[in-house]
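Report on the following structure.
In the working numbering, the protein residues as written are 1 to 130.
Following this line, the structure appears as structure tokens:
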């Protein structure tokens, strides 16, 4: 019985991992300068999607007042190359394009300011810096 449950759990985990990998393999929406906005808040989480694999992307979850905002940063490798990290409670100001992805609001970050440091992720025209 335990072996059967373990096999089912493993199959479920593999299936979920494949679905997540497929979903996040799609490119994010295009940057639109007309929807550019600034958001200030506290980092709740830095996450990488998919969590494992060759090309994960970095996202921030930012709490701004009562709102929780998902922010697409860049490929994890670019973040690593820049030597930048984010941890919970870091205060940030994000400048980026507010778009919809799969029905949810998402900000494609162009610039993230944390303290005296500015991380430029996109050029003014929205083209990625990576």
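Quick reminder that beta carbons are idealized off the backbone N, C-alpha and C, glycines included.
- Message: Less than 6 Å between C-beta atoms, sequence neighbours within five positions excluded: which residues of the same chain meet that for residue 90?
- Response: For residue 90, where only same-chain residues beyond five positions count, the Cβ hits under 6 Å are 43 and 114.
- Message: Could you pull the DSSP bridge partners for residue 44 from this structure?
- Response: Per DSSP, residue 44 has no beta bridge partner at all.
- Status (buried if at least 16 other CB within 10 Å, exposed otherwise) for residue 96: With 16 or more Cβ atoms within 10 Å of its Cβ, residue 96 is classed as buried.
- Item | Cβ contact (3+ pairs, closer than 8 Å) linking the region 98-115 and the region 60-71 | In this structure the region 98-115 touches the region 60-71; the number of beta carbon pairs closer than 8 Å is three or more.
- Item | Neighbourhood of residue 118 by C-beta distance below 8 Å, restricted to the same chain and skipping five residues each side | Leaving aside the five residues that flank residue 118 on each side, the residues in its chain whose CB is nearer than 8 Å to its CB run, in chain order, 111 and 112.
- Message: Report the CB separation of residue 106 from residue 70 in whole angstroms; it is logged as a contact under 8 Å.
- Response: Right, the Cβ-Cβ distance comes to about 5 Å (below 8 Å), so this counts as a contact.
- Item | Unbroken stretches of the alpha helix (DSSP H), 4 residues or longer, contained in the region 44-78 | Within the region 44-78, no complete alpha helix (DSSP H) run reaches 4 residues.
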